[in-house]
Every structure is written in structure tokens, then in C-alpha cells.
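Undergrad:
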Amino acid sequence: MNTAYRKPLPGTGLDFFDARAAVDALAPGAYDGLPYTSRVLAENLVRRCDPATLDASLSQLIERKRELDFPWYPARVVCHDILGQTAFVDLAGLRDAIAARGGDPSRVNPVVPTQLVVDHSLAVECGGDDKDAFEKNRAIEDRRNEDRFDFINWTKKAFRNVDVIPPGNGILHQINLERMSPVVQVNDGVAFPDTLVGTDSHTPMVDALGVIAVGVGGLEAESVMLGRASWMRLPDIVGVKLSGKPRAGITATDIVLALTEFLRQEKVVSAYLEFYGEGAASLTLGDRATISNMAPEFGATAAMFYIDEQTIQYLRLTGRSDELVALVEQYAKNTGLWADTLTHVQYERVLEFDLSTVVRNIAGPSNPHKRVPTSELAARGISGKVERTPGRMPDGAVIIAAITSCTNTNNPRNMIAAGLLARNANRRGLTRKPWVKSSLAPGSKAVTLYLQDAQLLPELEQLGFGVVAYACTSCNGMSGALDPVIQKEIVERNLYATAVLSGNRNFDGRIHPYAKQAFLASPPLVVAYAIAGTIRFNIERDVLGLDRDGHPVTLHDIWPSDDEIDALVAASVKPEHFRKVYEPMFALSVDVGQQASPLYDWRERSTYIRRPPYWEGALAGERTLRGMRPLAVLGDNITTDHLSPSNAILADSAAGEYLAKMGLPEEDFNSYATHRGDHLTAQRATFANPTLKNEMVLENGEVKMGSLARVEPEGKVMRMWKAIETYMARKQPLIVIAGADYGQGSSRDWAAKGVRLAGVEAIVAEGFERIHRTNLIGMGVLPLEFKSGVNRITLGIDGTETFDVIGERKPGADLTLVIHRRDGGRVDVPVTCRLDTAEEVSIYEAGGVLQRFAQDFLESAKAAV
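Take 767 as the starting number for the sequence shown in the numbering used here and just add one per residue.
This is the structure:
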């Protein structure tokens, strides 16, 4: 702590650390040119950095250098239950490992305040046309997840510094936005910016409040929990200047889908974006949060907005205390975090986007950045008139229509717009099609309160959009089972069935096994497509139905005006709604001092929670990086859904067969996501996505789609899990070869854990998604990157080869990938070692984050003695 820069914060009775003074002492006047992100990072350094290294670290920010690592100490860690649970399973396993070596397991606790929200476990088994859907779905969730929830309850009692929000209360990121984040923290009389890491790629949603929040994998979150710095180099900080205002009838969803396409094209991968300008100032906080939430879809690490009057209004709207609101404004204005104090920021790169150019959009199929104007769906062959046979579903049938995900349910304008459209449709006598499974899953109970206040919830319920949950649901692949009659028709007719949802991800196979593709849309458009019943429908022009007088009704006829939406938001969304929801919720989350054994009593037959194996057997051994055989040769855009799917487990899958063997009835197989606390189940999800294309598996000269592998040297094609078992029995080290953007998608630990447990020692790709790369390192898997212009195709890799990796592993070093051909030939290929920092090298060499924890803990215990 650098006490020389600790000063009183005017008008508060608190102190703060003066980052401006520290920066300007090194380079007079430099602070005024620093971006918002750099200012927050500078404060963190001044308050937390070793004084001996402070000047060198600050110089990285001032001079825009990227040569040295510097520490970042987030103030909080937030977790959803899937990765949060697996993180605590790891810590429980670490406690066992410590105890087995004579250490005190009760000393293994989060040092940094950690908040865990149970929001990823509920499947929509009962749709929104069932008035008791919420209670029924919650009962099913509790029954299926009894093992998991027992462990989570033990976590709350056994670990210090952990708050738990139980199931049925909302989505982590929306709760974080509406209540958890104070924007400005206070500790020991010192005010400082709220910062956090979270175990989900959409953690940046709270960037909309001016809070640096970064999505990380569970392994990196565990490291931060235990008090370690998150080591980083100065990121690319890109200014995004927003101009203009949205046209009438354009929602925040339309804006964010247009921005996603634009920013993907501008290649902002791993960058911190800072939105500013006249357009940004006019966006409500809800609109900003919709944009920030989609940062991973841009490819960015963060999507920041400055603190301004919109921030203050939102804090008041969501029921924060007057004292907190005053502190945020005072702190921001005194420390250069208020929008008006950032007028001289100098960015190395500025992008400009005109909000007035945005039209009504939908994204799909398959990727969030594949934007299509709704008016052009027909021209692109996605929609268009189709012949309908009475009593049968049409081609392109929408089988899932879900208003879901914090991305859009955080936004009152979006939700009120959906309710108004439903009201207008009901007045004209329109109904949703009978094959559409519809649902409303808000990220906060406050949404229900203001929809009730606006008298719009009954209108949504009438169209089948009753509240089914306060959880992630369909966006996370938890759409639940279809009506058996509907499912039977899809299978027998091989229908092209689709999903439309107000979520943030629509990768193939994610939303539902029988929805071949999925489309992202605003909440009112989701309602409209439920009425249309098919994606092969020109939503801008075609007739949705006939009213009671026989007159045709189009989308234009029922779309609410902006004035009506804004008036109803102003009249119906109130601070008391948020206070009523959150004050009792957080009173219950506080640890009341209950005690539990420091060691968890593992359930022998559980398929949800099992003691992890990371300190024993092959995982404790040395990786040779020699004689590796390819488990898979893959193309571009391999997502974490390909690597470790999260959706429903089917009976004929490897995981399904295992669960049946363990005595679980098929109706309770649950999702892959919920079983990630049991490595024996989760391993069987590795590359289990039925849309995987392993280029080693060919049929008639074409790559065959499916969870398949080819075992060498026999050349025998088999199910992926069977191939993994075969190689594990042989103790055969493995490698994965891939194209560009490897590992994009959710921050899914098991996308790294699964391949490591399978015996994969290295992955060579043309490029890596940021979180997945760090997760690979955290599991002791070496990420290597092909040089520009070199890839699996130019090298003629067909999977019959074996591979060695030669060279000294240093940050960014050139290593040699040695390819041994089946005919005896050899090719030496230079590749870049993607261990980017000295800390990452240290973690990799230890075998991974968990092995490193155990080593360091025991060494510190010995030193204390």
C-alpha cells in the first residue's frame, strides 16, 4: 500500500488513493490522456501494488507499453452455480489434498469476497402456458440437483467469505447490475472502484455501470479468490464513439446485434472497449447493459461506459441508498471517472458507429455476429412464404420461443415493449402457434413486479409467456423437453426446426437438441415469432393472422410506439420493486455463523459431485510433449459448446449411457452443465456435441458430422468417448490441431478439463479465445499458435502423424512443432508459445492452477513452522 497517495475524499469522511497524483508525478499531465480503464487500473496499482514496482507498473499505463506484467487485484469474485460449484469442488478437493499431506484444510478459504448465485440449474420442463410452471420447474430443479445443492449448502457453511443466493431468485449478471455492485466500494475507511472477475463470459454486463468486470474461467477465479493477483499486460483499449440516435421502433437488442457484427469485423478480440460520445450519453443504463453483456460476442474482454448522470439515475431507480448514490457521484467527479472529466482521453484506436443506421435485426443462424435485418431474411433464403398443411408443422417451425437471458431481461424498455406487443396481439385476437414452446424467464423478480404494475404480465401469459423461472434457462441450453408429439413429428419428417430467443448465444446444438438452428431477437420479436410459428416468414411484411373482423394483421399493426413504451417504463418501473426483491434476498445470503466440517463428505454414488483427481495419477505426472497423436483435427470457430456442451443429455450419448448405468432415470439425466462437479460424467461430455466436425473422420470424401474420432495407427473410427478411453488405456499422449478462434463461447472450465483428463498435452491452433487459453494453461495444457499463413491445411495434416514440441517454454517464445509423417518424413514448424506471462509459465510448469495451489500452500505452511 502506497500511503503517500492516500488522501481525504472531499465531503465524505472517507479516504481515497489519488491515482492522478501518482501518474502525474511520473509524467506531468499524463492522467488527462489516460482512458477510463487505465485510470481504474492505475488506482488499483497505487492502492495495492508493491511500492518498489509501482513506478514501473504505472509506466506501462502511461507510455502504453505492453512489455511487463503488472498485478490487478479485483475487489470481488462472482460465480454462477455451474462454474462456482466446480470451483468449490476443486477447493474442497484441495482441502482433502492438504489434509492428506498434514496441512490444515480449514485454512483454504476465499480471501476475496465471493458471491455465488444459483441460476444455471433450471430446465424449462413446463412451458409458459402452464400457470404453475414456476413452482413445477423449481420442484424438478430441486429433485434433480439434490446432490449439487447439498454441496452448495455445505460450501456456504464451510468456507469463509462466501455469500450464496439460492435458486429461484434471478440471474447472476442481472442481480450484479441491479444490486451487488456498489460501483464504489468502501473498506477500512477507503473508497475505491468496484472491480471483479466472474465465472461467466457475460460478467462484463456490469461494465455498463463503469465497473471493470471481466469474465474468467473457474480456474482463474479460484486463483483470485485465494488472494492472488490477476497478472496482466496493458490491454488494447479501443474507443468506440457512438453518434446519432436510434430510429423509432428500434430496441437495444437491434443495436447490440448490429454492434456485434460491426465489432467482430473490426477485430477487437481481447480488447477493452470504451463507449463514449453523444450516442452513448443518450443510451439508458439498461441499453448500455445490453451492449456490455455482449462483450464476448464482440470478441472483447470488456465493454466500458463512463460514469455519468445515467448511472446515477439507474442507481436511484434500482433502489440503492441515497448515501451510496452520493458517494458514487462524489468519487467519480473527484477521481476523473465522471464522463465530463474524460474529454481529453487519447486512444490508440477509435471506431465510430452511428446508432441512427440500425434497423430491426435478428442474428443467426448459429452465431451472434451473423446479423440479418429482418427485412432481408427472405432474400437470404432464411425466411419466406411456405406452403402450410393443416395439422402439420411447417418447415422452419419455431419450436422454442424464449424471452430469457440477462442480456435483454435487464432492460425495462425491452420487457415493456414485449408486454405491449402481446397486449396489442391479444386485442386483435392473435395466438401463438400450438407447436411453439414459449417461456418467460426474467433475470430478476423485479421484472415481474413492474410487468404486473403495468398490467402487462396477464397479456404475456395469454400468449403463453408466463413466468417459468428466474434463471438462465434456454440461453444456457436448458429449454427442457418438447411435447412428445411435437418431437416425434420433427424426427419422423426430419423437419428444419428452430428456436428464437432473446439471449446472447445461438451456437449449433446449444439451445435444444431438436432445434437445428437458433436465432437471437428482441423480446417483442420473440413474441411475434411465436405467433408466426416459423422462421420462414417475412416478419416485416407477411400477415401474422386475421383479427376478429377478418382483417389481416401485420407486425406493424401491433408494434408499440416509443412514446408509449417510455411512458409506461416511467410510470411502472419503481425503486420499491427492486428494494422489495433485493433487501430480503441479501439478508438471507449472509453467513449466519453456521459451522460445518472443513472436509466434505463425498457421496460415493453421486453423478454430480465427486472428489476431483487433479493431484493424483497421470495428472500428477510429467507431460512429455513427445509422440503425441491427434485426438481431433478441427476447423475454425470451434466453440466451448463443441468442446463441452451444456445442454440436455440424451440417452444414446456416452454420458447418458453412463448415467443409466449409475441408476439414474432418463427423465432426470439433467444437463451436461449440472454434472460438471463429477469428473466421471463430465469427461464423457468432451467433444460430445453432435455438430462437431473432426476432419480426421471422412465419409465419401466429406467430413462426417458427429462426436466421432479416428484411433491411430489402426485408422478405426469410433465414438469420441470410446476413442478417449482407448487412448487412456494405452497412456497415449494426445494433441489437438485446430483453426482460428479456438474456444470462443462460454467460459467453460470443462472445455479444458475434459481434454486434459483425456490425455491431451498440447493444442495447436491459428488463434485462441482469451478465457479458454487461460483455462488450458490452468489445466496444464500447452497452447501453441501457428505462425501467420501456416495451418493444418498448408501442412497437410490428416491425423496419421505424431507430434513433438521442442524448445524452452518462455512467454511468447518460438517453439518447434515436429511433425512425424506416417511415411517416415519429418517437418519442423515454428509455433508461438501462448504462455503469455511469467505467471502463466509458472502455472503450466506446476501442472496447472490446482497443483500450484497445493505446492504453494504446503510450502508456506512449512515456512510458518
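Glycine is no exception: its CB is placed at the ideal position from the N, C-alpha and C atoms. Here the structure is a predicted model, which is why all the values come from computation and not from measurement.
Kindly provide the ranges of any alpha helix (DSSP H) runs that are 4 or more residues long and lie completely inside the stretch 1436-1516, ordered along the chain.
TA: If we require 4 residues or more, the alpha helix (DSSP H) runs fully inside the stretch 1436-1516 come out as 1445-1448 and 1486-1496.
Undergrad: Count Cβ pairs between the stretch 846-859 and the stretch 811-830 that sit closer than 8 Å; are there 3 or more?
TA: no
Undergrad: Using a 10 Å radius around the Cβ and a threshold of 16 neighbouring Cβ atoms, would you call SER887 buried or exposed?
TA: That one is buried.
Undergrad: Examine the ligand ATP and report whether any of its heavy atoms sits within less than 7 Å of the Cβ of GLU809.
TA: Judged by which ligands are present, the structure shown has none, so any question about the ligand ATP falls away.
Undergrad: At the level of alpha carbons, what is the spacing between ASP862 and SER872?
TA: 10 Å
Undergrad: Whole angstroms are fine: how far does the CA of TRP920 sit from the CA of GLY1359?
TA: Low per-residue confidence applies at GLY1359: pLDDT is 45, beneath 50, and the placement is therefore not dependable enough to give any value.
Undergrad: Pull up the distance between the alpha-carbon of ASP1002 and that of LEU1286, whole angstroms please.
TA: 29 Å
Undergrad: Would GLY1511 and TYR1610 be called neighbours here (beta carbons separated by less than 8 Å)?
TA: no
Undergrad: For ARG1377, which residues in the same chain have their Cβ closer than 7 Å to its Cβ, ignoring the five residues on either side in sequence?
TA: Closer than 7 Å at the Cβ level, and outside the excluded window around ARG1377, lie GLY859, ASP862 and TRP1368.
Undergrad: Kindly indicate which three-state DSSP category PRO1250 falls into: helix, strand or coil?
TA: helix
Undergrad: Along the chain, where does the alpha helix (DSSP H) that runs through ALA1184 open and close?
TA: 1178-1193
Undergrad: Please work out which residues of its chain come closer than 7 Å, Cβ to Cβ, to VAL1615, disregarding the five sequence neighbours upstream and downstream, and give them in chain order.
TA: LEU985, GLU988, SER989, GLY1544 and ILE1609
Undergrad: With DSSP collapsed to three states, give me the class of ARG786.
TA: Helix at ARG786.
Undergrad: For ARG1115, which residues from the same chain have a beta carbon less than 6 Å from its beta carbon, with the 5 sequence-adjacent residues on both sides left out?
TA: Excluding sequence neighbours, ARG1115 sits near VAL1004.
Undergrad: Taking C-beta to C-beta, are VAL1233 and SER1268 nearer than 8 Å?
TA: no
Undergrad: Between the C-alpha atoms of GLY1350 and GLY868, what's the straight-line distance to the nearest angstrom?
TA: It should be noted that the sequence gives Pro, not Gly, for residue 1350. PRO1350 and GLY868: Cα-Cα distance of roughly 42 Å.
Undergrad: If contact is defined by three or more beta carbon pairs under 8 Å, each pair taking one atom from either stretch, is the stretch 1207-1221 in contact with the stretch 1334-1347?
TA: yes
Undergrad: Rounded C-beta distance between ALA1235 and VAL890? I'm assuming under 8 Å.
TA: About 7 Å separates the CB atoms of ALA1235 and VAL890; that is less than 8 Å, so the two are in contact.
Undergrad: Report the rounded CA-to-CA distance for GLY1043 versus LEU1090, giving the unit in angstroms.
TA: Approximately 26 Å between the Cα atoms of the pair.
Undergrad: Mind checking which residues open and close the beta strand (DSSP E) that includes ARG1013?
TA: No beta strand (DSSP E) holds ARG1013; DSSP gives it neither H nor E.
Undergrad: Return the CA-CA distance between LYS1203 and SER1171, expressed in angstroms with no decimal places.
TA: 16 Å
Undergrad: Are the stretch 1391-1402 and the stretch 1479-1498 touching, with three or more C-beta to C-beta distances below 8 Å?
TA: yes
Undergrad: Is it true that the CB of LEU1121 sits closer than 8 Å to the CB of SER1009?
TA: yes
Undergrad: Between the beta-carbon of GLY1195 and the beta-carbon of ASP1053, is there less than 8 Å?
TA: no
Undergrad: Going along the chain, which unbroken runs of the alpha helix (DSSP H) with 4 or more residues stay wholly within the stretch 955-1029?
TA: Taking only runs of at least 4 residues, the alpha helix (DSSP H) segments lying wholly in the stretch 955-1029 are 984-991.
Undergrad: Using 10 angstroms around the beta-carbon of VAL1356, count the other beta-carbons present and answer buried if the total reaches 16, otherwise exposed.
TA: Here the model assigns VAL1356 a pLDDT of 48, short of 50, so the residue's position is not dependable, and the following value carries that caveat. That one is exposed.
Undergrad: Would you identify the three-state DSSP class for GLN881, choosing helix, strand or coil?
TA: strand
Undergrad: Mind checking which residues open and close the alpha helix (DSSP H) that includes ILE828?
TA: 817-828
Undergrad: Using 10 angstroms around the beta-carbon of HIS1322, count the other beta-carbons present and answer buried if the total reaches 16, otherwise exposed.
TA: exposed
Undergrad: Classify SER1363 as buried or exposed, calling it buried when 16 or more other Cβ atoms lie within 10 Å of its own Cβ.
TA: exposed
Undergrad: Assuming LYS773 is part of the beta strand (DSSP E), what are its boundary residues?
TA: 772-775
Undergrad: Inspect the beta-carbon positions of TYR1280 and ILE1415 and report whether they are closer than 8 Å.
TA: no
Undergrad: Tell me the DSSP bridge mates of TYR1042?
TA: Its beta-bridge partners are LYS1007.
Undergrad: Pair every Cβ in the stretch 1433-1453 with every Cβ in the stretch 1513-1522, then say whether three or more of these pairs are closer than 8 Å.
TA: yes
Undergrad: Name the two residues that bound the continuous alpha helix (DSSP H) containing ASN1541.
TA: 1536-1544
Undergrad: Cβ of GLU1551 within 8 Å of Cβ of ARG1600?
TA: Cβ atoms of GLU1551 and ARG1600: closer than 8 Å.
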